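Undergrad: The structure's right below; bear with me while I get my questions together.
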Amino acid sequence: MKILILGGTEEARALADALHGMGHEVLTSLAGRTSEPLMPKGELRIGGFGGGDGLGNFILTEGFQRLVDATHPYAVQIAENAVKAAELSGVRLVRLVRPPWTEPQYAFWHHVQNSEEAAAGLPPGARVMLTVGHTDLDVFLERDDCSFVVRSIEPPQHELPPHAQSLISRPPFFVGAETELLKRELITHLIAKNSGGVQTEAKLLAAQTLRIAVVMIARPELPPANEVMTVGRAIAALRLNER
Ligand code: NAP
Numbered sequence: 003m004k005i006l007i008l009g010g011t012e013e014a015r016a017l018a019d020a021l022h023g024m025g026h027e028v029l030t031s032l033a034g035r036t037s038e039p040l041m042p043k044g045e046l047r048i049g050g051f052g053g054g055d056g057l058g059n060f061i062l063t064e065g066f067q068r069l070v071d072a073t074h075p076y077a078v079q080i081a082e083n084a085v086k087a088a089e090l091s092g093v094r095l096v097r098l099v100r101p102p103w104t105e106p107q108y109a110f111w112h113h114v115q116n117s118e119e120a121a122a123g124l125p126p127g128a129r130v131m132l133t134v135g136h137t138d139l140d141v142f143l144e145r146d147d148c149s150f151v152v153r154s155i156e157p158p159q160h161e162l163p164p165h166a167q168s169l170i171s172r173p174p175f176f177v178g179a180e181t182e183l184l185k186r187e188l189i190t191h192l193i194a195k196n197s198g199g200v201q202t203e204a205k206l207l208a209a210q211t212l213r214i215a216v217v218m219i220a221r222p223e224l225p226p227a228n229e230v231m232t233v234g235r236a237i238a239a240l241r242l243n244e245r
């Protein structure tokens, strides 16, 4: 069967590997934000489709029979495009989204709805570890009464102001090193998205050990879709034995 996976996550890669191993024709699509992405098995294409209509037309022209949205839980636009494209093309859509982290007992999580609320809630003088990629960086950097360590996989697109420093590194991260980093940088607040998964979870455990406040930005609401949380369930939900 011909399957299009909208990727950019560890789960997307695992699903592509599994489906390829089962003998299906898999194409993984990436937005192209990461310069050296880890390669899934099967074919790869990079770059947008031109909205939901563009994606729907691509599916029809290329003869795909299934669509998987395995993008990041905070990638709202592509999730909306996937729903629209599935309606337009009539192919079965499965959304694979990993489960969110849950707040451990005795942790200090402040739950906020968005970056604006996260930035506004920081006390003056806070020393902040920012782990939200490049999203809404400016919203945080406007707080020049705080200082920031901006950790990301790719370097920031603009030079950072004096109250912020860039730290480029790539997951997986481990508890020992994360604890050292938070201590060394004298971090008082950790700002994170609720991405879920094991690759970036260590910062939360480190923050908990050090009694550092975690500001957790809630997941955005995505349009309704057939949603599953594991690769195995995604394979089942694709109903690959049906036409
Ligand atoms: P977004 O705002 O939902 O999407 C913006 C546009 O990027 C889409 O309209 C689409 O362009 C293109 N696009 C996104 N994902 C694509 C894919 N897998 N293949 C082809 N085109 C794609 O997405 P985003 O937040 O910028 O995230 C981009 C990618 O990075 C996603 O694949 C996501 O899984 C990954 N990522 C995002 C985050 C995050 O926090 N947002 C974190 C880690 C990884 P067209 O309309 O032209 O098709």
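Read left to right, the sequence shown gives residues 3 to 245 (my numbering). For each residue, glycine too, the CB sits at the ideal point set by N, CA and C. Quick caveat: nothing in here was measured; it's all calculated off a predicted structure.
1) With a threshold of 7 Å (Cβ to nearest heavy atom), would residue 80 be considered close to ligand 2?
2) Please state if the CB of residue 87 and the CB of residue 65 are separated by a distance shorter than 8 Å.
3) With respect to 7 Å, is the separation between the Cβ of residue 205 and the closest non-hydrogen atom of ligand 1 below this value?
4) Under 6 Å Cβ to Cβ from residue 151, same chain only, skipping five residues before and after it: list those, please.
5) So is residue 83 buried or exposed if we call it buried at 16+ other beta carbons inside 10 Å?
6) Specify the secondary structure class of residue 71 as computed by DSSP and reduced to three states.
7) With a cut-off of 8 Å on the beta carbons, I'd call residue 225 and residue 85 a contact; round off their distance for me.
8) Under the criterion of a Cβ to heavy atom distance below 7 Å, does residue 59 qualify as lining ligand 1?
9) Please report the straight-line C-alpha distance between residue 30 and residue 45, rounded to a whole angstrom.
10) For residue 106 and residue 216, what's the separation of their Cα atoms in angstroms?
11) Restricting to Cα atoms, I'd like to know which of 179, 79, 232 is closest to residue 209.
12) Mark residue 113 as exposed unless 16 or more other C-beta atoms lie within 10 angstroms of its C-beta, in which case mark it buried.
13) Could you check whether residue 39 and residue 14 sit closer than 8 Å to each other, using their CB atoms as the reference points?
14) From 103, 140, 108, 101, pick the residue whose C-alpha is nearest to that of residue 120; which is it?
15) If you run the structure through DSSP and keep just helix, strand and coil, what is residue 139?
16) Less than 8 Å between the C-beta atoms of residue 148 and residue 127, yes or no?
TA: Taking the coordinates as given:
1) Judged by which ligands are present, ligand 2 is missing from the structure shown, whose ligands are ligand 1.
2) Within the sequence shown, the letter at position 63 stands for residue 65. Within the sequence shown, the letter at position 85 stands for residue 87. No; because the gap between Cβ atoms is not below 8 Å, this pair is not in contact.
3) What you label residue 205 is simply residue 203 of the sequence shown in a count that begins at 1. Incorrect: residue 205 has no Cβ contact closer than 7 Å to ligand 1.
4) Taking the sequence shown and counting its residues from 1, one reaches residue 151 at position 149. 131, 167, 169, 187, listed in sequence order.
5) Taking the first residue of the sequence shown as 1, we reach residue 83 at position 81. Label assigned to residue 83: buried.
6) Reading the sequence shown from its first residue, position 69 is the one you call residue 71. DSSP places residue 71 in strand when its eight states are reduced to three.
7) Counting from 1 along the sequence shown, the entry for residue 225 is found at position 223. Counting from 1 along the sequence shown, the entry for residue 85 is found at position 83. Indeed they touch by this definition, with Cβ atoms about 5 Å apart.
8) Taking the sequence shown and counting its residues from 1, one reaches residue 59 at position 57. No, since every heavy atom of ligand 1 falls outside the 7 Å radius drawn around the Cβ of residue 59.
9) Within the sequence shown, numbered from 1, the residue matching residue 30 stands at position 28. Within the sequence shown, numbered from 1, the residue matching residue 45 stands at position 43. Distance between the alpha carbons of residue 30 and residue 45 is about 6 Å.
10) As a first step, residue 106 is located in the sequence shown; it is residue number 104 there, counting from the start. As a first step, residue 216 is located in the sequence shown; it is residue number 214 there, counting from the start. Cα-Cα distance, rounded: 11 Å.
11) Position 207 of the sequence shown, counted from the first residue, corresponds to residue 209. Nearest of 179, 79, 232 to residue 209, Cα basis: 179.
12) Position 111 of the sequence shown, counted from the start, is the residue given in the question as residue 113. Exposed, by the Cβ-count rule.
13) To locate residue 14, count along the sequence shown from 1; it is residue 12. To locate residue 39, count along the sequence shown from 1; it is residue 37. For residue 14 and residue 39, no; Cβs fall outside 8 Å.
14) Here the question's residue 120 lines up with position 118 in the sequence shown. Selected option, being the one with the closest Cα: 140.
15) Here the question's residue 139 lines up with position 137 in the sequence shown. DSSP places residue 139 in helix when its eight states are reduced to three.
16) Your numbering for residue 148 matches position 146 in the sequence shown. Your numbering for residue 127 matches position 125 in the sequence shown. Against a cut-off of 8 Å, the Cβ pair of residue 127 and residue 148 comes out as a contact.
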